[in-house]
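Q: Chains as they are written, first to last, in my numbering: chain A, 391 to 625; chain B, -18 to 558; chain C, 1182 to 1305; chain D, 24 to 147. Below are the structure tokens for one structure; questions will follow.
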Amino acid sequence: MAMIDIRVKILRYQPGQDAKPRWQVFAVKVEDESTILDVLNEIHWQHDGTLAYRRSCRSSICGSCAMKVNGRNVLACETPIHRFGTKLKIEPLSGFEIIKDLVVDLDPFFEKLKRIKPYLIVDRPMPDKEFVQSPQQLEQIGESTLCILCAACSAACPSSWPNSDYLGPAALLKAYRFVFDSRDDGADDRLEIVNDKNGVWRCHTIFNCMEACPKKIKITEYLSRLKLKVVENSL
Amino acid sequence: MKIEEARNHHTIDAVIVGAGLAGLRAALEVAKSGLSAAVISKVYPTRSHSGGAQGGIAAALANVSEDSLEAHMFDTIKGSDYLADQDIIERFVNEALKTVYEFEHMGVPFSRTADGRINQRPFGGHSAPRACFAQDITGHVLLHTLYEQCLRHNVLFFNEFQVLSLLLQDDVSRGLVAWDIRAGGLHIFHARAVLLATGGYGRAWKVTSNAHANTGDGVALVLDAGLPLEDMEFVQFHPTGLYKHGILLSEAARGEGAYIVNDKNERFMKTYAAAKMELAPRDVVSRAEQTEINEGRGIGGRDYVYLDLRHLGQQKILERLPQIYDLALNYLKVDAIKEPVPIQPTAHYSMGGIPANVRTEVIKDGKGTVIRGLYTAGETSCLSLHGANRLGTNSLQDAATFGRIAGIHMTEFCRENGFAELPAKPLDVAQGKIDRLWSGQGKERHAPIREMLQVNMTQTMGVFRNQDEMLKMLAVIKELQERYRRVTVDDRGAAFNLDLIEALELENLLSFSEVIVEGALARKESRGAHFRSDFPKRNDGEWLRHTLAWRRNGKIVLDFSKGVVIYPQYQPQERKY
Amino acid sequence: MNKDFKQTSRSGSLAWLLQRISAVILFILLLLHFVTYHFLGKGQAVDYHWVVSKAGNWWFPLLQFAFLLTALYHGLNGVWSVLEDYTSSRSWRLLWYSLLLTVGVVLLFVGTLTIIKLYTLQAA
Amino acid sequence: MYKRTRFYDFTYYNFIGSWAWILHRLAGLALIFYLCLHIWVIHTLTYGEETFNSVMVFLNSPLFKLLEVGLWGVILFHAFNGVRIVIVDFFKGSLAHKKLFVIMVAMAFALWALGSYLILSHVL
Ligand SMILES: Cc1cc2nc3c(=O)[nH]c(=O)nc-3n(C[C@H](O)[C@H](O)[C@H](O)COP(=O)(O)OP(=O)(O)OC[C@H]3O[C@@H](n4cnc5c(N)ncnc54)[C@H](O)[C@@H]3O)c2cc1C
Ligand code: HEM
Ligand code: SF4
Ligand code: F3S
Ligand code: FES
């Protein structure tokens, strides 16, 4: 463990003061084992209290702290600075509107999630105890339930940049998660909803989402399976 | 009324503060009944700390081996070091199965047994494999599933709103005032019933497993409102916090068979709890660790020991404990398949909190007098289910089950009662807090004060406590409270003012920390998580009672009139593992 | 059908599937086309007679027409999907769509004429 | 609130997948543009030998041969990456999409070298 000097360039935007975002450079001394979040905390607590960003769990499970560092989307709290060297360039997620500094408006993100009916729909009577679901059936959706809704994927997807109407990988992954749940009866509905040019068909298998996902979910693979299911269902 | 005011004035049947498991479960129950339910949370619901829970949720389903409600009840009582109220535990274990099956029906992807039923694993202090789990992301999937159900049932969400004051008058709750973090501005919520489900208060410590949001706002609000807190001195330290960070490595690691070893590569738990070894309850393991460290047997004589997973093998680690593997790798650059992971005890769970009865109604004295329309559930409440020490996996169950129960009683209450009138000038208290931080001329900044509080709390209010240290701590708190009065914030903007939020939270930390220290000083015995080196024995004769604490005229007033509910068949015994 | 996110009111599954089917067909036809027209006839400059001389077989017009049709469909459908990514307003979409349709119809007509002419020239 | 990205976020790191997509898209657009021209040009056949040959002289010039080599590259990239896309869509190609990309580009490159040799040898 040693202290090192780093140079951090942060995209600042203070509503009411700035007409548009501007870069600000901070020179700080931090431990070489620090994470990006440690660096932001250091700046916020010691240098400039006006810096705003989101964080909570600081253990990569709550999904608050997704942001763009040196051109890539990461969770600030789990990303050690040594991955990037001593020069950091920190920006808010692309594709969303900036509320302030690194804080973006995620309401559209959550709105889209809502559209795909993100809940188990059961038309049969509930069993007295649990539904029987084999480990193999669970395996189908297991990885997709890891999603922490950090929005790193949707923000990294070039399909969502020019036109924010695209549902985006996170919402589509959620659709996958329920369509392929052996207990669910709502597949027809959901498949119909995502069968739209702004739904699953705007995914051009660009794979940025998979690169960005801090939970290493194979998003594109699941979207492919979802697409085939939609085709099967609609033709 | 001005238009601006109208926009910031909400009239809603049930207002729920906190979007963790407790808050969401309650909201769902109310919303299903057709009443309007609003959830106010300072973070997006899925960012709540419940999502951080890894290991599991307790219920005696007996899916993988024999189990019974009585066994669950007894384990919980014993785990609590007999300070828990047994009527609460009885209701708890009776409802636990239903809670889990309901979760499963909502779509929670529980890990499964080969025959397709909910899988269960052993957990510290439980006499049977009772923890229902989903890999090592149990809290995460429970929280997300609940959030989804709330969306389905049209619960109103006020995300990124921080509650600053309760509107209470004549022992009747009338609503609350919250700050809109995103846009800035105060909002009045006028409600028939209010639920406080604001989670734990681990952020008062430097080394903690808790999220940044866990600043004990709920307990501070209650204290501010002139109501008491209960058993605040009981704070659980988890034995497997990631060294320096305090981030939690789930007990599931030990459930799956991990070892804890000292500098001599000894599994030292054999000298402290030979029967249960690493799976003894948390207070026992944490104390054992701290003793090893204090006696110079930490790794290289330093302040940590090792959690060793290597013998579990790559496949089991990656399959059953992927999150733990990632955490060790990302934060300490330790590859848990090949190397042992440095750990130390970390502030983890708040047993104490807002006193309430079995209907989750907040009470205001040792006699159980109820505040009408005010409820509490989850980690912020003290029912008391966990007594002096909580068993792992009982807290998710606590939050969910009593969240549901709170929802049921709130619904009833709303049906029977109208909106109590708002007090005059409802905004004053909240506005005052903000104005002071904005207009102050002081030179103090909040960060150093918080740092000093946290460092000192970790040093003095940890696994071992004693009178001298605690008296010093009290003095430190007094000094910091004094300094806090001169704090001003850098940021004067309305939108997403993190500076302001943190300063407001610090006020809460300073407020309830004093209660913790006062309670711990007064309780001259060792029980559960509260261990005093100067009074190392449990003393049932004098101390088998709850602590209630008020702030009156700037001083903490304690009261021990609230006894513990004990059933004849579960009399206190010595606690051995 | 009520999709309550910003929908286009158009399902995309058929277009997606056809784009892939046409791609696979094109993969074969296009390579074949390149081999016959661009690589064979080594040393010979491409001129009128050379081209016309290749057009005599009975399968010539069929293959050429299939190629023309799939290539046009695939290409224009591709452009359409690109345009859809960058336009959200209904009227712009309508405009682009009609434009592409027109281009497609005109080129299909022109191309078909060429094929017929070639075939009849050789047959005559 | 401020909206920053409008068309493409040029400050975002381009991973293999995004390069594949951008190039595929540009290649596709180039190809449909070329196809339109191509159909017009070949259509001159119907105006008789002279017209066609005069156009062909132009197209057989070294400059156009070079362009043809480029076209061949564009086609091969689009075709082989297109196959990659189909594998991703239908045959779990996502799990090895980077490897697939490398393989496809390698194959396209080999064919490109071969084809270019043939095309250019017409001129040389
Ligand atoms: C790392 C970790 C692992 C754990 N693992 C387990 C486990 O395996 N099994 C188990 O049973 N238990 C576990 N626990 C404990 C368990 O997770 C918690 O006790 C439980 O989740 C608490 O839920 P809650 O709903 O009470 O509060 P939380 O989930 O903490 O939610 C609190 C909510 O209150 C909101 N809030 C707080 N203050 C304000 C305010 N002023 N204004 C507005 N909103 C506010 C927050 O935004 C948040 O939404 C673990 C705890 C930790 C820290
Ligand atoms: C030779 C075999 C070809 C194959 C295997 C192929 C394959 C594909 C595939 C799979 C797509 C869909 C991409 C997506 O949806 O993301 C596509 C798109 C496209 N293709 Fe082709 N194609 C071929 C030839 C052609 C030709 C000859 C043209 C031109 C006429 C063309 C023009 C386009 C265009 C414009 C697109 C849209 C680009 C985009 O959506 O990004 N393709 N191609
Ligand atoms: S899929 Fe991955 S990147 Fe996308 S929201 Fe979920 S966790 Fe984040
Ligand atoms: S980046 Fe976007 S286009 Fe599809 S594969 Fe991922 S969603
Ligand atoms: S702070 Fe929770 S994911 Fe980073």
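Beta carbons are placed, not taken as given, at the ideal position from N, Cα and C, and that holds for glycine.
(1) Within 9 Å (strictly less), CB to CB, does residue 616 (chain A) reach chain C?
(2) Name all residues in chain order for which at least one heavy atom of ligand 3 lies closer than 7 Å to the residue's CB.
(3) Determine the direct distance from the alpha carbon of residue 532 (chain A) to that of residue 605 (chain A), and round the result to whole angstroms.
(4) For residue 648 (chain A), which residues of its own chain have a beta-carbon under 7 Å away from its beta-carbon, when the five flanking residues on both sides are left out?
(5) Beta-carbon distances below 6 Å to any heavy atom of ligand 2 define the shell here; list its residues in chain order, please.
(6) Who are residue 154 (chain B)'s beta bridge partners in DSSP?
(7) DSSP beta-bridge partners for residue 540 (chain B)?
(8) Can you pull out the residues from the region 1192 to 1216 of chain C whose beta carbon lies closer than 9 Å to at least one beta carbon of chain A?
(9) Roughly how many angstroms lie between the CA atoms of residue 510 (chain B) and residue 337 (chain B), to the nearest whole one?
(10) Roughly how many whole angstroms lie between the Cα atoms of residue 522 (chain B) and residue 536 (chain B)?
(11) Quick one, which of B:144, B:190, B:351 has its alpha-carbon nearest residue 446 (chain A)'s?
(12) Does the beta-carbon of residue 505 (chain A) have 16 or more other beta-carbons within 10 angstroms, so that it is buried, or is it exposed?
(13) Do you know whose CA, among B:120, B:9, B:21, lies nearest residue 348 (chain A)'s CA?
(14) At a Cβ cut of 9 Å, what residues of the region 1251 to 1284 of chain C count as close to chain A, listed as they run along the chain?
(15) For residue 410 (chain A), go through chain D and note every residue whose CB falls closer than 8 Å to its CB, in chain order.
(16) Flag residue 0 (chain B) as yes if its beta-carbon sits less than 9 Å from any beta-carbon of chain A, otherwise no.
(17) Are the C-beta of residue 49 (chain D) and some C-beta of chain A separated by less than 9 Å?
(18) In angstroms with no decimal places, state the Cα-to-Cα distance between residue 555 (chain B) and residue 59 (chain B).
(19) Return yes when at least one heavy atom of ligand 1 lies under 8 Å from the C-beta of residue 564 (chain B), else no.
(20) Sorry if obvious, but does the Cβ on residue 450 (chain A) come closer than 8 Å to a heavy atom of ligand 1?
(21) Using the beta-carbon of each residue, which ones in chain C are nearer than 8 Å to residue 109 (chain D)?
(22) Considering residue 289 (chain B), what are the terminal residues of the beta strand (DSSP E) in which it resides?
(23) Return the chain-ordered list of same chain residues with a C-beta closer than 6 Å to the C-beta of residue 1264 (chain C), the five sequence neighbours on each side being excluded.
(24) Going by the CB atoms, is the gap between residue 394 (chain A) and residue 438 (chain A) shorter than 9 Å?
(25) Could you tell me the boundaries of the beta strand (DSSP E) in which residue 240 (chain B) lies?
(26) Can we count residue 468 (chain A) as close to ligand 5, meaning its CB is less than 8 Å from some heavy atom?
(27) Closer than 7 Å between beta carbons: that is the criterion. Which residues of the region 476 to 507 of chain A meet it against chain C?
(28) Check whether the region 205 to 225 of chain B and the region 359 to 376 of chain B are in contact - that is, three or more C-beta pairs closer than 8 Å.
(29) Leaving aside the five residues before and after residue 143 (chain B) along the sequence, list all residues of the same chain whose C-beta is less than 8 Å from its C-beta, in chain order.
(30) So, does the CB of residue 1243 (chain C) fall closer than 9 Å to a CB anywhere in chain D?
(31) Ligand 4 and residue 40 (chain D): does any heavy atom of the ligand fall closer than 8 Å to the residue's C-beta?
(32) Along the region 436 to 453 of chain A, what residues have a CB closer than 9 Å to any CB found in chain B?
(33) Exposed or buried, what is residue 549 (chain B) when buried is set at 16 or more other beta-carbons lying within 10 Å of its beta-carbon?
(34) By Cβ distance below 6 Å, which residues in the same chain neighbour residue 322 (chain B) in space, the five residues on each side in sequence not counted?
(35) Who does residue 143 (chain B) pair with in a DSSP beta bridge?
(36) Is residue 233 (chain B) buried or exposed, if buried means 16 or more other CB atoms sit within 10 Å of its CB?
A: Reading it off the structure:
(1) no
(2) A:453, A:456, A:536, A:537, A:538, A:539, A:540, A:541, A:542, A:543, A:544, A:559, A:560, A:563, A:599, A:602, A:603, A:604, A:605, A:607, A:609
(3) 12 Å
(4) Residue 648 (chain A) lies beyond the stretch modelled for chain A, which goes from 391 to 625, so this question has no answer here.
(5) A:594, C:1200, C:1201, C:1204, C:1207, C:1208, C:1211, C:1252, C:1255, C:1256, C:1259, C:1260, C:1262, C:1263, D:47, D:48, D:51, D:52, D:54, D:55, D:58, D:101, D:102, D:105, D:106, D:108, D:109
(6) B:149
(7) Beta-bridge pairing links residue 540 (chain B) to B:529.
(8) Going along the region 1192 to 1216 of chain C in chain order, one finds 1192, 1193, 1194, 1195, 1196, 1197, 1198 with a Cβ nearer than 9 Å to chain A.
(9) 21 Å
(10) Answer to the nearest angstrom: the Cα atoms are 28 Å apart.
(11) B:190
(12) It is buried - the Cβ of residue 505 (chain A) has at least 16 other Cβ atoms within 10 Å.
(13) Lying outside 391 to 625, the shown extent of chain A, residue 348 (chain A) is not represented and no answer is given.
(14) Closer than 9 Å at the C-beta level to chain A, one finds these residues of the region 1251 to 1284 of chain C: 1262, 1265, 1266, 1267, 1268, 1269.
(15) Close to residue 410 (chain A), with beta-carbon spacing below 8 Å, are these residues of chain D in chain order: 25.
(16) no
(17) no
(18) 9 Å
(19) Because chain B is modelled from -18 through 558, residue 564 (chain B) falls outside the range shown and cannot be assessed.
(20) It does not: the Cβ of residue 450 (chain A) is nowhere closer than 8 Å to a heavy atom of ligand 1.
(21) 1201, 1204, 1205
(22) 286 to 289
(23) 1277
(24) no
(25) Run containing residue 240 (chain B): 240 to 242, per the beta strand (DSSP E) assignment.
(26) In this structure, residue 468 (chain A) has its beta carbon less than 8 Å from a heavy atom of ligand 5.
(27) 502, 505
(28) yes
(29) 23, 159, 160, 162, 198, 482, 485
(30) no
(31) Yes - ligand 4 has a heavy atom lying nearer than 8 Å to the Cβ of residue 40 (chain D).
(32) 436, 438, 439, 440, 441, 442, 443, 444, 445, 446, 447, 448, 449, 450, 451, 452, 453
(33) exposed
(34) 288, 309, 315
(35) According to DSSP, residue 143 (chain B) bridges with B:160.
(36) buried
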